[in-house]
Every structure is written in structure tokens, then in C-alpha cells.
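Residue numbers (this note's numbering), protein chains in the order written: chain B, 1 to 211; chain C, 212 to 422; chain G, 423 to 633; chain W, 634 to 844.
Don't be surprised by glycine CBs; every beta carbon is placed ideally from N, CA and C.
All of these numbers come straight from a predicted model, not from anything done at the bench.
Read the structure below first, then the notes.
Protein chains: 4
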Amino acid sequence: MSGSVLREVVDAGGEAAAETTSDRILDVAERLFADHGFAGTAVRDIAREAGLTAPSLYNHFAGKQALYEAVLERGVAPLAKLMSGLAQKDNQDSDGLLDSIVDHFATHPNLAKLIQHESLIGGASLAPIAQVWLRPIVKDAMIAIQRNPDSNWSEEEGPLVVAAWIHMILGHFAMAPLLRELFDFDPLADDQIERQKSLLKRYAKGVMSPE
Amino acid sequence: MSGSVLREVVDAGGEAAAETTSDRILDVAERLFADHGFAGTAVRDIAREAGLTAPSLYNHFAGKQALYEAVLERGVAPLAKLMSGLAQKDNQDSDGLLDSIVDHFATHPNLAKLIQHESLIGGASLAPIAQVWLRPIVKDAMIAIQRNPDSNWSEEEGPLVVAAWIHMILGHFAMAPLLRELFDFDPLADDQIERQKSLLKRYAKGVMSPE
Amino acid sequence: MSGSVLREVVDAGGEAAAETTSDRILDVAERLFADHGFAGTAVRDIAREAGLTAPSLYNHFAGKQALYEAVLERGVAPLAKLMSGLAQKDNQDSDGLLDSIVDHFATHPNLAKLIQHESLIGGASLAPIAQVWLRPIVKDAMIAIQRNPDSNWSEEEGPLVVAAWIHMILGHFAMAPLLRELFDFDPLADDQIERQKSLLKRYAKGVMSPE
Amino acid sequence: MSGSVLREVVDAGGEAAAETTSDRILDVAERLFADHGFAGTAVRDIAREAGLTAPSLYNHFAGKQALYEAVLERGVAPLAKLMSGLAQKDNQDSDGLLDSIVDHFATHPNLAKLIQHESLIGGASLAPIAQVWLRPIVKDAMIAIQRNPDSNWSEEEGPLVVAAWIHMILGHFAMAPLLRELFDFDPLADDQIERQKSLLKRYAKGVMSPE
DNA sequence: GATGAATGAGGATTCATTCAT
DNA sequence: AATGAATGAATCCTCATTCAT
């Protein structure tokens, strides 16, 4: 259940054992897009780090935009799958749900950055992400919040509560460079991830129901 | 004609009444850097929207990077000033503090995006922002959290708690495009900002001290 | 089609029969750098005269400076090779040595200009030229001068004597525009080159040992 | 007679005691044009080193080209004056003539570089230099050579002999960077200039009449 | 699948020059 | 006489992309 175990199994976040060339390209592109954003990433750099030349990359992806979208889809799809799966299970178990989500981001360290980049830019790919993948989950979450007998959030506050969760989870992973500067630890280290998980769980218990 | 007096009144957040060319450039650059990031913003576009040609811009700023840093400094400096001022007042009054901070981001709608862009990229300008401007504030916040008799966060959790506040506040303003897609409201609308303020205040009361 | 054989024959000094694009670029660049200097030569002009666009040129050379250095190396290397070859032969035969050197500059009409440009500017590429290529030859020359029984130059004068030879040989080819203005002949014409050779030989006999 | 004495008196080569702004500009421009060539020198750099801005420079000179020509004229005119004066004196005294010329270049250390730059480029300003200033002197020199009873140069060789003198004198001063790299002394140091003078005088005696 | 060569569009920046002040 | 601001032209160079091989 802990992230460190999952990492070896899933491997989607690391590019060490990449097999096909397309996968290798996607791995590199994911990392570079996450670190430098879409505009700040050169196709040539992706190609070079993937071990080929830029023209060769066009044998695998129609263009930079298409590659970017493929990266986003590959990154966001399993997240959506995970969460729609979780939603169908016992959604009272917010602890396990939080563990799963945080673990997913921990094993996919570029995902949060990708989502936050796209959210900041408000690019064309944001709508699919938000509408297709995240919205259903959000709906479940809002239902869960409302259904919680301890919760006393008004209906208008629901979205902001959900948004707060998104910010806390995404932020922990996406804004790692800032946190590293501000504090003296790496938010992506295993112990910090565990701490963040326990923090979020305590929030889930107490914070959600202030009284 | 007596511009210097008007400037403070009119110019809060908008770039309509900008007076000097340098200010106009800074205003435009702030908006474009916030919306498209550093790499995604062309000097020529900044110049055009500021009403001059790209070479002319170099009469006011040494280069793109220098302009970017000037934008960041102009944006972050008052934030730091505000918060260091708040820290010296009654720092038990977390409500007023939250109001001030949120209001500042509300009236400087590009600031959160600028900080989050730079945090994501982990660029060279991040260190000054974090070290010089944010770190002192963070120190105060952590002291306040520890001093709170109701608080029972361990010492290691302090940074993560502070980080959570950063994520919630920055996120509300910076990730507006995502929230707009996900929900059907504008986080920057006055009523939503008020709602967010009251939400954060409730968090400050309850969430910080779960038991 | 069998280019590699032809190249040595046809391509001596002229850029007409250049084969590979890189060679064509080098040929044009050599001529333009020689005629206008480094700063006075535009990459776009080199590219245009070589039959391509400026960006295409970057597929062959990393940049203007790299191209310049490649031009210098291609020009100076055979000169050094020639002279180190001559040094190993009977170095009493100063006549043959002078013939070879002058003929080399005659068949590489840009070389003297390139060296003199770089010597005037004192650019970064001058040190390699001087240290690696010319210095060994100079050493030989100074030994030869000292060893000459008729020579009565003091040790301190040796360098100046060598320098005088350099000036006379380089000057004849590099300062052709001045000589054309001053006199009414072309220093690069065959008969003038022959005359210069015989002049230098007479110098070598008489001038070097005045008494 | 020695260069070191003259330098303090004449001062045309140094820019320390420059008086009018125009003179200061000319001094700086002369040095920069000599060191970097016409294309390699920016008007702004000249202006900055002269203590004003580029637009101000246009109050004194019509443009870059005009400034360049003014520099050349100011540099070459006294040289021509000197030499026409020398020609009218006892032109058998080649020793004094050589001393004067070399001293002039020694006290005007940029002059040789300026002439050699312009000769290499073959620019529009070369013709005036060659035709108006140098040609009369050259004519005298050739007459002197022919008239010398010891000389046995053919008529066609005359120009080449004169050219050789030009190369040796200009080269010593203009190609100082190369000589510094090649040998371990500064050609512009007083002792080296004296040595060069004595060398040239010996050449004048012996070399000119090999038999 | 891969690549070297090529390119139009655009990148930031420099340059010589102008002009109102 | 000096300058801040402005600019068209040109600088070197990068970029995403195409295409023949």
C-alpha cells in the first residue's frame, strides 16, 4: 500500500524500464513538459533525451501538441480510473481513498505538475481534463461531503471545499520546488508523503466538520 | 497631471490608467507572464500590447529576464510588506490576517499565477521569492501555529500545515481556469472570494486543531 | 561521381567545384570572412552565397563562431603541415622553402587575409593559430637564422627578423587592396608573385647577413 | 628623437588630455576602430567610453561612417605631412627618415592598425588614403631607391620593394597581438621599437643593395 | 523507423539613427 | 550640446515541421 512498494510494480512514472520507443518518448516528454511547461519544452530536447532525433519523433506522434495531449491523457486516464473505482467502493472510507490518491501522485511525480501547468495556462487541453476525467470524481466527492452527517457545509461551499482538497494534494506534489526552497525537506520523500497523508486524513476527520 | 497621487488610487490591479511607459510595460508583462508563463510569452507581444515595438522595450528593461524579474519583484514585494506588517500586529487575529492576504491576491489577480508558474518551473527567480519574501512570513506562521494552545501539530508537521495554507490560497486564485471548468462559477468573483475567506477562517478555527 | 579523387585536383583554392554542402559553406565563409572580417560578415550572406538559408547552415555548423574557427583551422592546418614538412627537409635550401610558402599563399588567396584579420583583432582564435601552428615553424626559422654562418643578428633580433618575413609574405597577399590602389598592378597576378618570390630570395641571401 | 620623449609632447595618440568633446570622441573611436575594425565597433560603445550617449554623438559627427573617416583623416594626415616634409629634406639620409616614420607610428599606436584594417577590407576610404596621402610619398621612395647608386632593383621590382617596407613597418605595429602570442615581448615597448629601428636601418643599408 | 538536410516563421536582441525635449 | 524614447532593419539563432533517402 505504501508508495515505495507500488513504485516498482507500476513503473508508469519512471522511464527506466520503458519498452517501445513511443513509451520512451512519452516518458521523457512527460518529465520535460512537467518541469518546463509546454512552451518551455523543445521537441528536439524530448527527442534527444529519448535517444533519437526530432524528425524521428514524428514517426510516433503527429506533432508537439499531439504529443502533449498524449502525455496528458496517459497521465490523467489512470487517475480517473482509480478514482471512479474508488467512488464505487465504500465511499465512507475516506482514509483509504486519500491514501490511494496520494499514492498515485507519489508514483506519478509529474502528474500534478502537468495538471497545474495546464490549469494555469488554461489551455485547450484543460477542458477535456476537467470535464471528462475530473468532473465525475468531483461530483462524487461533493455528494460524499454533503452526505456526511458531520458535515455542515452549505451547498455553495461544496465546490470550494473540493477545490481546497485539490489544491492541497496537487500543491504538495506540483509545488515541490517552492517547498524545497521554503523549508528544508523534499516533499516527494517517502516520509514526507506519509506525513502529508496523515495530515490530510486528520483534515478529513476534523476539518470537514468544524464543530 | 498630478499623476503620482492618482496612481495609487486608480491603478490598483488594472492597467488601464498606467502612466509611465515602464509601468505600462510592467502591467502588460505581468498579465502575459501570468497567463502564459515566461517561455510562453513573447517580448514582441508585451511590447505591442504596451503600445511600442520590441526594440523600444529595451530602452526600459535590459531584457526579457530582467523584465520578468521586475514583474516578480513588483508583485511580491507589497505582498511581503503586507504580511510583515500583519505579523507585527496582533497575530492572534488570524481572521483579519486571512482577510488581508486574500484581499491582496484578489486585487492582484496575476500574483498567484506568477508565483505558481515560478514554483512549478523552479526557475532562478524562485529562490529570491522564497528566501527573501516568503520565508520570514512562513517563520511567523509556524510560530503562530505552534503557539496556538489548541494546536496539536507535531514539529515536523508544521511546514506541511503552512504549505497547505499556501496551496489553498494560491490555488484559489492561480488555478481559476481549472475551477471554472470544473464548477460553474468564477473563483475571482466577489462573492466567491468572500466565501473562500469565510471557508479559510473556519479552517483556521477548526481544522488547525482537530481535537 | 567519384568525388573524393577529383576534390584534390579541382578544388585547390577555388570554390567552384565544391562538393559537400559543408565544403561549400566553408568556401564561401572563408572568402567573406577574409574580405569583410568576422564582425563584417553576416551568416545570412554566407548562407545565401552557399545556396541555402541561414537556418540550414546551422545543420552543418554550430554557429557563426564555430564556422569561423572551422574556416581558420581548414586554412591554417595545411600551412602548418607544409612548413613542418619543409623543416624536416634540407633546411639550408631557403629558396625552395620560400617558393613553397609563397605558392601556398598564392593558391589560398584568403589565408593571409584571415590571419591578418585575426592578428589585428587579437581575437580568441589567434592564440591557437599562433601557438599550435605558427610557433613551431618560427622556432625552426630562428634556429636557421642563428645557424647561418653569414648571419650576424643578435639573439634579441631573431624574433624581429622572423617577424619581418611574416610581414612581407602575409602583407603581399593580405594587403592586396592597398597595393592595387598604390601601384598599378595586382599582387596576386602570376608574374607579380614570381617577382615577389625572387625578391624574397634575394633578401634571404643578402639582407639576412648585411656584412 | 626617441619615441618616449616625443610621446609626451605630441599627445595625439593618447586620449588622456583630450579637450573638446569631439576630440574625446575621435580618440575613443580611433582606439576602438583600430582594435575591432569598423564593423566590429558599435557607435554606442564609442559614445559610452567618451562619456556621452549615442544620440549626443550625432551632434558632433554626421554618422558612423563620417566619424570613421574623420578618424582616418586625422590619423593619416600628419603622417603624410611628416613624410612629404621628409621627402623634401635630404633624402639620402634614410636613417633619419626611418627614425621619423617609426617614431610616428610608435606615438600613434592605432594608426598602423587603422590602415591595415582598411587595406584588408578594401573599403571606400582606402582610395583616399592611398591616392592622396601615401602615393606621393611612395613616388618619392621609388625615386630614391632608383637613384641610389648601390641599388640594383629593376624597375618592376621597385613597387615590391616599397611594399616590403610598408609591410615591415605597418606590420610591426599593427600585428602586435600576433607577435605577442608568437614571441614573448611587446613590439610596442620602447626597447623593441628601438631594436626594430636599428634593424630597418641595417636593412636599408645592406638589404637594398644585395651585392 | 530513422535521419540529415532544409526551411518559414518567429525568437530575443543589437544597431545606427531620428526626434522631441 | 545632450538625452530619453522610439524605431526599422538587421543581427544570430531556435523552433516545429517536412521530405527525400
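Would you grab the beta carbon distance between histidine 750(W) and glycine 593(G) for me? Rounded to a whole angstrom, and I think it's under 8 Å. As a first step, residue 750(W) is located in the fourth sequence; it is residue number 117 there, counting from the start. As a first step, residue 593(G) is located in the third sequence; it is residue number 171 there, counting from the start. A Cβ-Cβ distance of about 14 Å is found for the pair histidine 750(W) and glycine 593(G), leaving them out of contact under the 8 Å criterion.
Using the C-alpha atoms, what's the distance from arginine 24(B) back to alanine 50(B)? For the purposes of this step, residue 50(B) is taken as the residue at position 50 of the first sequence. For the purposes of this step, residue 24(B) is taken as the residue at position 24 of the first sequence. Those two C-alpha atoms are separated by around 6 Å.
Are the C-beta atoms of valine 349(C) and some chain B residue less than 9 Å apart? On the second sequence, position 138 is the one that residue 349(C) refers to. Yes, contact with chain B.
Helix, strand or coil for glycine 544(G)? Go by DSSP, reduced to three states. Position 122 of the third sequence, counted from the start, is the residue given in the question as residue 544(G). In the structure shown, glycine 544(G) falls within a coil segment according to DSSP collapsed to helix, strand and coil.
Work out the CA separation of asparagine 321(C) and glutamate 241(C) for me, nearest whole Å. Taking the second sequence and counting its residues from 1, the one referred to as residue 241(C) is at position 30. Taking the second sequence and counting its residues from 1, the one referred to as residue 321(C) is at position 110. Inter-residue distance for glutamate 241(C) and asparagine 321(C) is about 7 Å (C-alpha atoms, whole angstroms).
Selection from His319(C), Ile332(C) and Ile312(C) that minimises the alpha carbon distance to isoleucine 348(C): On the second sequence, position 137 is the one that residue 348(C) refers to. The shortest C-alpha to C-alpha distance from isoleucine 348(C) to any of His319(C), Ile332(C) and Ile312(C) is the one to Ile312(C).
What is the DSSP secondary structure of tryptophan 575(G), reduced to helix, strand or coil? If you number the third sequence from 1, residue 575(G) lands on position 153. DSSP places tryptophan 575(G) in coil when its eight states are reduced to three.
Can you grab the Cα-Cα spacing for the pair histidine 693(W) / threonine 475(G), in whole Å? For this step, residue 693(W) is matched to residue 60 along the fourth sequence. For this step, residue 475(G) is matched to residue 53 along the third sequence. If I take the Cα positions, the gap works out to 40 Å.
Restricting to Cα atoms, I'd like to know which of Leu86(B), Leu188(B) and Ala124(B) is closest to alanine 106(B). Here the question's residue 106(B) lines up with position 106 in the first sequence. When only C-alpha atoms are compared, the closest one is Leu188(B).
Ends of the alpha helix (DSSP H) at isoleucine 679(W)? For the purposes of this step, residue 679(W) is taken as the residue at position 46 of the fourth sequence. First-last of the alpha helix (DSSP H) with isoleucine 679(W): 676–682.
Span of the alpha helix (DSSP H), counted from its first residue to its last, around aspartate 612(G): Position 190 of the third sequence, counting from 1, holds the residue named residue 612(G). Counting along the chain, the alpha helix (DSSP H) containing aspartate 612(G) begins and ends at 612–624.
So with CB distances below 8 Å, who are the chain C contacts of isoleucine 121(B)? Working through the first sequence from its first residue, we reach residue 121(B) at position 121. Contact note: isoleucine 121(B) reaches chain C through Asp246, His247, Gly248, Gly251 and Pro388, using a C-beta cutoff of 8 Å and chain order.
I think serine 444(G) touches leucine 494(G), with their Cβ atoms under 8 Å apart; what is that distance to the nearest whole Å? Counted from its first residue, the third sequence places residue 444(G) at position 22. Counted from its first residue, the third sequence places residue 494(G) at position 72. Contact flag wrong, Cβ pair sits at about 15 Å.
Could you tell me whether the segment 145–165 of chain B touches the segment 388–399 of chain C, using the rule of 3 or more Cβ pairs below 8 Å? Yes: at least three Cβ pairs fall under 8 Å.
For valine 255(C), return the contacting residues in chain B, with the cut-off set at a CB-CB distance below 7 Å. Here residue 255(C) refers to the residue found at position 44 when the second sequence is read from its first residue. Checking the displayed sequence, the identity of residue 255(C) turns out to be arginine instead of valine. By Cβ distance, chain B contributes nothing, its closest Cβ being about 15 Å from arginine 255(C), past 7 Å.
Within chain C, the residues that leucine 182(B) reaches when beta carbons sit closer than 9 Å: Translated into the one-based positions of the first sequence, residue 182(B) becomes position 182. Chain C residues near leucine 182(B): Ala341, Gln342, Leu345, Arg346, Val349, Pro370, Val373, Ala374 and Ile377.
Straight-line CA distance for phenylalanine 384(C) to serine 119(B)? Along the second sequence, read from residue 1 onward, the residue named residue 384(C) stands at position 173. Along the first sequence, read from residue 1 onward, the residue named residue 119(B) stands at position 119. Between the alpha carbons of phenylalanine 384(C) and serine 119(B) lies a gap of roughly 11 Å.
Could you tell me whether any Cβ in chain C is nearer than 9 Å to the Cβ of lysine 156(B)? For the purposes of this step, residue 156(B) is identified with residue 156 of the first sequence, where counting begins at 1. In the sequence as presented, lysine is not what sits at residue 156(B); that position holds glutamate. Glutamate 156(B) belongs to the set of residues whose beta carbon lies under 9 Å from a beta carbon in chain C.
By the criterion of Cβ-Cβ separation under 8 Å, what are the contact partners of alanine 127(B) in chain C? Within the first sequence, residue 127(B) is the residue found at index 127, counting from 1. Within chain C, the residues near alanine 127(B) are Glu392.
Work out the CA separation of valine 343(C) and histidine 737(W) for me, nearest whole Å. Against the fourth sequence, residue 737(W) aligns to sequence position 104. Against the second sequence, residue 343(C) aligns to sequence position 132. Each residue's Cα considered, the two are about 60 Å apart.
Supposed close pair isoleucine 543(G), histidine 669(W) - CB separation, criterion 8 Å: By one-based count along the third sequence, residue 543(G) stands at place 121. By one-based count along the fourth sequence, residue 669(W) stands at place 36. With a Cβ gap of about 7 Å, isoleucine 543(G) and histidine 669(W) count as contacting.
Members of the segment 188–201 of chain B near chain C, C-beta cut-off 7 Å: If the cut-off is 7 Å between Cβ atoms, the segment 188–201 of chain B has Arg195, Gln196 and Leu199 near chain C.
Sort Ala461(G), Ile591(G) and Arg557(G) by Cα distance to alanine 379(G) and report the nearest one. Shown here, chain G extends from 423 to 633; a query on residue 379(G) therefore has no answer.
Can you check whether the C-beta of serine 635(W) is within less than 9 Å of a C-beta belonging to chain G? By one-based count along the fourth sequence, residue 635(W) stands at place 2. With a pLDDT of only 40 at serine 635(W), under the threshold of 50, the placement of this residue in the model should not be trusted; the figure read from the coordinates follows. Taking Cβ atoms only, chain G never reaches closer than 9 Å to serine 635(W), which makes this a no.
Cross-chain neighbours of histidine 108(B) in chain C, by beta carbon under 7 Å: Within the first sequence, the letter at position 108 stands for residue 108(B). Per Cβ cutoff of 7 Å: no residues; histidine 108(B) is ~16 Å from chain C at best.
When Ile257(C), Pro370(C) and Ile340(C) are compared against proline 289(C), the one with the closest alpha-carbon: Within the second sequence, numbered from 1, the residue matching residue 289(C) stands at position 78. Nearest neighbour of proline 289(C) by Cα position, chosen from Ile257(C), Pro370(C) and Ile340(C), turns out to be Ile340(C).
Rounded C-beta distance between lysine 834(W) and leucine 731(W)? I'm assuming under 8 Å. For this step, residue 834(W) is matched to residue 201 along the fourth sequence. For this step, residue 731(W) is matched to residue 98 along the fourth sequence. Right, the Cβ-Cβ distance comes to about 6 Å (below 8 Å), so this counts as a contact.
Proximal residues of chain C, C-beta to C-beta of histidine 172(B) below 9 Å: On the first sequence, position 172 is the one that residue 172(B) refers to. Ordered by position in chain C, the residues that pass the 9 Å Cβ test against histidine 172(B) are Leu371, Ala374, Ala375 and His378.
For aspartate 562(G), tell me which candidate among Glu491(G), Val498(G), Met505(G) and Glu578(G) has the shortest Cα-Cα distance. Locating residue 562(G) in the third sequence gives position 140, where the first residue counts as 1. Scanning Glu491(G), Val498(G), Met505(G) and Glu578(G) for the CA closest to the CA of aspartate 562(G) turns up Met505(G).
Hey, would you say isoleucine 591(G) sits closer than 9 Å to leucine 811(W), going by beta carbons? Taking the third sequence and counting its residues from 1, one reaches residue 591(G) at position 169. Taking the fourth sequence and counting its residues from 1, one reaches residue 811(W) at position 178. Not a contact, by the Cβ cut-off of 9 Å.
On a CA-only basis, which of Ile354(C), Ala387(C) and Gly274(C) is nearest aspartate 323(C)? Give me that one, please. Reading the second sequence from its first residue, position 112 is the one you call residue 323(C). In the sequence as presented, aspartate is not what sits at residue 323(C); that position holds alanine. The shortest Cα separation from alanine 323(C) among Ile354(C), Ala387(C) and Gly274(C) belongs to Ala387(C).
With 16 other CB atoms within 10 Å as the buried threshold, where does alanine 456(G) fall? Along the third sequence, one-based indexing puts residue 456(G) at 34. Answer is buried; the Cβ neighbour count reaches 16.
Out of curiosity, what's the CA-to-CA distance linking aspartate 238(C) and alanine 484(G)? In the second sequence, residue 238(C) corresponds to position 27, counting from 1. In the third sequence, residue 484(G) corresponds to position 62, counting from 1. Approximately 38 Å, taken between the alpha carbons.
If you measure between the beta carbons of leucine 479(G) and alanine 464(G), is that distance less than 9 Å? As a first step, residue 479(G) is located in the third sequence; it is residue number 57 there, counting from the start. As a first step, residue 464(G) is located in the third sequence; it is residue number 42 there, counting from the start. Against a cut-off of 9 Å, the Cβ pair of alanine 464(G) and leucine 479(G) comes out as no contact.
Residue-level contact to chain B via CB, phenylalanine 316(C), 9 Å cutoff: Here residue 316(C) refers to the residue found at position 105 when the second sequence is read from its first residue. No, phenylalanine 316(C) lies away from the interface with chain B (no Cβ there is under 9 Å from its Cβ).
Please tell me whether valine 432(G) has its Cβ less than 9 Å away from any Cβ of chain W. In the third sequence, residue 432(G) corresponds to position 10, counting from 1. In this predicted model, valine 432(G) has a pLDDT of only 42, less than 50, meaning its place in the structure is not dependable enough to derive any value.
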